[in-house]
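Chemist:
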Amino acid sequence: MQLTVTKNFCITPDSVDKSIYYLTLEQQNTSIEEPLIYQPGDWLTVQAKNQLELVDELLNILNLTGQELIELRRVGSVSVLDALLTHLELTQLNPAILSKLQRQVNIGDWASRQEMMDFAQGKDILDLLAIFPQLKEQGVAFLNWLSPLAPRYYSISSAPTESDQVSILYKLVEYENAHRIRFGVASNFLKQLQPNDILHVQIKSNPTFKLPPDPKTPIMMIGAGTGLAPFIGFVEQRITEYKKGLGLGRNLLFFGETYRQTNCLFCEQFKVWQEQGYVETYYAFSRDQKEKVYVQNRLMEQAAEIWILINQGGHLYICGNQTHLAKSVKQALLEIIKQQGSFSQDESEKFWQTLRKQKRIQMDVY
Numbered sequence: 007m008q009l010t011v012t013k014n015f016c017i018t019p020d021s022v023d024k025s026i027y028y029l030t031l032e033q034q035n036t037s038i039e040e041p042l043i044y045q046p047g048d049w050l051t052v053q054a055k056n057q058l059e060l061v062d063e064l065l066n067i068l069n070l071t072g073q074e075l076i077e078l079r080r081v082g083s084v085s086v087l088d089a090l091l092t093h094l095e096l097t098q099l100n101p102a103i104l105s106k107l108q109r110q111v112n113i114g115d116w117a118s119r120q121e122m123m124d125f126a127q128g129k130d131i132l133d134l135l136a137i138f139p140q141l142k143e144q145g146v147a148f149l150n151w152l153s154p155l156a157p158r159y160y161s162i163s164s165a166p167t168e169s170d171q172v173s174i175l176y177k178l179v180e181y182e183n184a185h186r187i188r189f190g191v192a193s194n195f196l197k198q199l200q201p202n203d204i205l206h207v208q209i210k211s212n213p214t215f216k217l218p219p220d221p222k223t224p225i226m227m228i229g230a231g232t233g234l235a236p237f238i239g240f241v242e243q244r245i246t247e248y249k250k251g252l253g254l255g256r257n258l259l260f261f262g263e264t265y266r267q268t269n270c271l272f273c274e275q276f277k278v279w280q281e282q283g284y285v286e287t288y289y290a291f292s293r294d295q296k297e298k299v300y301v302q303n304r305l306m307e308q309a310a311e312i313w314i315l316i317n318q319g320g321h322l323y324i325c326g327n328q329t330h331l332a333k334s335v336k337q338a339l340l341e342i343i344k345q346q347g348s349f350s351q352d353e354s355e356k357f358w359q360t361l362r363k364q365k366r367i368q369m370d371v372y
């Protein structure tokens with residue numbers, strides 16, 4: 007569907023370690039056949055475009071003009087320039103490409119898929135051509151090995167209280183590796199958008215990250231960084247339901263970031279909601295003091311309260327980085343279950359799995 011940009015600005019302008027943006031989109035033609043329908047917890051997908059500078063560099067390396075034609079599966083015949091800009095993955099190196107190259111042109115000495123994954127980590131297509139310069143001779147044929155440019159998924163950060171609007175948070179990906187500045191394809195594409203620009207998106211349902219049917223059910227939301235996004239929508243939805251007379255369960259937010267002063271995302275809004283009695287906030291800013299404090303530390307401090315809410319049928323939601331946040335939060339929650347429930351380690355694991363099967367622990371991790 008086509009949506010119009012209404013807002014797109016950095017919400018961490020003074021941050022020294024990250025740039026996080028808030029993007030709001032609007033469906034201005036409400037008479038069209040594809041209405042904007044979503045629920046809190048769903049995803050918005052973006053089909054981004056590669057940076058022209060990256061495409062130009064690749065054309066130069068392959069000695070191509072961009073006017074050559076290439077046949078792409080599910081797309082048909084397009085110019086090489088169009089293929090590189092909008093259809094092929096350039097900023098990530100898919101291990102499947104390495105497998106094809108090893109079989110078909112006999113490059114690389116990887117003995118397993120894991121070795122291919124390790125090699126591909128942190129590399130892009132330019133890196134591949136630099137390491138194996140003989141591939142440059144393939145010209146247009148080289149592009150046939152590349153993966154399709156996949157849509158990027160973003161957690162929706164709004165509730166459908168205004169049926170024609172939707173918003174997301176995104177982190178600008180930009181870093182240096184191997185003496186070259188790397189750019190995230192989607193975040194840098196989104197950053198360029200101005201009000202009134204048109205963006206092609208899709209709404210994807212996330213059936214495993216949904217609010218409980220009863221708005222009086224307690225919920226505990228745990229996230230860090232842009233993992234806050236779905237919880238903004240959760241609280242907006244719960245407030246809307248409360249104002250309709252459907253009741254209000256307790257809403258606890260455990261949120262982690264680096265610095266309060268520069269990276270406390272939507273702190274003012276959550277402060278207002280807390281003063282109005284809609285939400286209870288527990289923040290962990292890891293670099294504001296000498297001793298690092300993380301969101302799992304805040305969970306342990308509230309262990310007794312969390313256990314009470316679990317026994318009242320409460321739901322737990324975890325959103326953020328899979329490697330760091332999700333793993334640490336799970337360990338903390340297992341410890342809370344073990345201590346507060348007087349369980350063994352094995353009993354705690356079984357209790358966790360029971361909550362997962364009951365969909366009372368839901369995760370959106372990446």
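The sequence shown maps to residues 7 to 372 in my numbering. Glycine included, C-beta positions come from ideal geometry on N, C-alpha and C. None of these values were measured; they are calculated from a predicted model.
1. Does the beta-carbon of residue 109 have 16 or more other beta-carbons within 10 angstroms, so that it is buried, or is it exposed?
2. Quick test of your reading: residue 235 and residue 137, contact by CB under 8 Å. State the CB separation rounded to the nearest angstrom.
3. Is DSSP giving residue 300 helix, strand or coil here?
4. Pick helix, strand or coil for residue 294, following the three-state DSSP scheme.
5. Give me, in chain order, the residues of the same chain whose beta-carbon lies closer than 8 Å to that of residue 80; leave out the 5 immediate sequence neighbours on both sides.
6. Across which residues does DSSP place residue 11 in a beta bridge pair?
7. Can you tell me which of the three DSSP states residue 381 falls into?
8. Give the C-beta separation of residue 233 and residue 97 to the nearest angstrom, bearing in mind that I take them to be a contact with Cβ-Cβ under 8 Å.
9. Please classify residue 116: does DSSP put it in a helix, a strand, or coil?
10. Please go through the same chain and pick out, in chain order, the residues whose beta-carbon is closer than 6 Å to the beta-carbon of residue 14, but skip the five residues on each side of it.
11. Using CA atoms only, rank isn't needed, just tell me which of 258, 132, 147 is closest to residue 63.
12. Cutting at 6 Å between CB atoms, please list the residues of its own chain near residue 34, excluding the five before and the five after it.
13. Return the residue from the list 280, 31, 272 that minimises the CA-CA distance to residue 207.
14. Considering only the beta carbon of each residue, do residue 103 and residue 89 sit closer than 7 Å?
15. For residue 73, is the classification buried or exposed, using 16 other Cβ atoms within 10 angstroms of its Cβ as the cut-off for buried?
16. Tell whether a beta-carbon distance below 7 Å holds between residue 47 and residue 212.
17. If contact is defined by three or more beta carbon pairs under 8 Å, each pair taking one atom from either stretch, is the stretch 340-355 in contact with the stretch 236-251?
18. Could you tell me how far apart the beta carbons of residue 146 and residue 91 are, in whole angstroms, since I believe they sit closer than 8 Å?
19. Going by C-alpha to C-alpha distance, which of 296, 197, 330, 336 sits closest to residue 178?
20. Measure the C-alpha to C-alpha separation of residue 78 and residue 318 and round it to an integer number of angstroms.
21. Using beta-carbon positions only, say whether residue 255 and residue 223 come within less than 7 Å of one another.
22. Could you tell me which of 112, 164, 268 sits nearest to residue 42, measuring between CA atoms?
23. Let's see if you can read the secondary structure: which residues bound the beta strand (DSSP E) around residue 257?
24. Leaving out five residues before and five after residue 371 in sequence, what residues of the same chain have Cβ atoms less than 6 Å from its Cβ?
25. Starting from residue 67, trace the beta strand (DSSP E) both ways and give me its first and last residue.
26. Please state the DSSP three-state secondary structure of residue 204.
27. Rounded to whole angstroms, what's the CA-CA distance from residue 240 to residue 225? Just pull it up for me.
28. Which of the three DSSP states is assigned to residue 43 in this structure?
29. From residue 7 to residue 27, what does the alpha carbon distance come to, in whole angstroms?
30. State the beta-bridge partners of residue 186 as determined by DSSP.
Modeler: This is what the structure gives:
1. exposed
2. Contact between residue 235 and residue 137 fails: their C-beta atoms lie close to 36 Å from each other, not under 8 Å.
3. coil
4. Coil, per DSSP.
5. 154
6. 31
7. Lying outside 7 to 372, the shown extent of the chain, residue 381 is not represented and no answer is given.
8. Wrong, their Cβ atoms sit about 22 Å apart, outside the cutoff.
9. In the structure shown, residue 116 sits in coil (DSSP, three-state: anything other than H, G, I, E or B).
10. 29, 199
11. 132
12. 10
13. Residue 31 holds the alpha-carbon nearest to the alpha-carbon of residue 207 among 280, 31, 272.
14. no
15. exposed
16. yes
17. A contact between stretches requires three or more CB pairs, one per stretch, nearer than 8 Å, and the stretch 236-251 fails this requirement with the stretch 340-355.
18. About 15 Å; that fails the 8 Å criterion.
19. Closest option to residue 178, Cα to Cα, is 197.
20. 54 Å
21. yes
22. Nearest option by C-alpha distance: 164.
23. 257-263
24. 328, 332
25. Counting along the chain, residue 67 falls outside any beta strand (DSSP E), though it belongs to the alpha helix (DSSP H) covering 58-68.
26. strand
27. Distance between the alpha carbons of residue 240 and residue 225 is about 10 Å.
28. coil
29. If you take the alpha carbons of residue 7 and residue 27, they lie about 22 Å apart.
30. 183
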